[in-house]
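K.L.:
The sequence shown begins at 263 in this note's numbering and counts up one residue at a time.
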Amino acid sequence: MLDSVLLFLGAQEIILIVLALLLLFGGRKIPELMRGMGRGIREFKEGQKETPKEELEENKQ
Numbered sequence: 263m264l265d266s267v268l269l270f271l272g273a274q275e276i277i278l279i280v281l282a283l284l285l286l287f288g289g290r291k292i293p294e295l296m297r298g299m300g301r302g303i304r305e306f307k308e309g310q311k312e313t314p315k316e317e318l319e320e321n322k323q
């Protein structure tokens, strides 16, 4: 999903987003925010792997 969103963003939009992040959070907070986001995504992916497929099929019915 994230890949499809990035396809619609041009260089100007990405620069604008980066500048807005810098203004809102400052240069020192951004690496901390990105680390937290990376940990969250990693935990989410690990949680998906741990869920048994049988349990998922039962929930569909």
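Note that the Cβ used here is the ideal one computed from N, Cα and C, for glycine as well.
1. Please report the straight-line C-alpha distance between F306 and I292, rounded to a whole angstrom.
2. Can you list the alpha helix (DSSP H) stretches of 4 or more residues lying completely in the stretch 273 to 309, in chain order?
3. Just to confirm, is the Cβ distance from F287 to L295 under 9 Å?
4. Could you give the distance in angstroms between the alpha-carbon of R290 and the alpha-carbon of F270?
P.N.:
If we stick to the structure as given:
1. On the sequence shown, residue 306 is found 44 positions in, with the first residue counted as 1. On the sequence shown, residue 292 is found 30 positions in, with the first residue counted as 1. Looking at the two C-alpha atoms, the distance is approximately 21 Å.
2. 273 to 287
3. Indexing the sequence shown from 1 puts residue 287 at position 25. Indexing the sequence shown from 1 puts residue 295 at position 33. Cβ atoms of F287 and L295: closer than 9 Å.
4. On the sequence shown, residue 290 is found 28 positions in, with the first residue counted as 1. On the sequence shown, residue 270 is found 8 positions in, with the first residue counted as 1. Straight-line Cα distance between these residues: approximately 29 Å.
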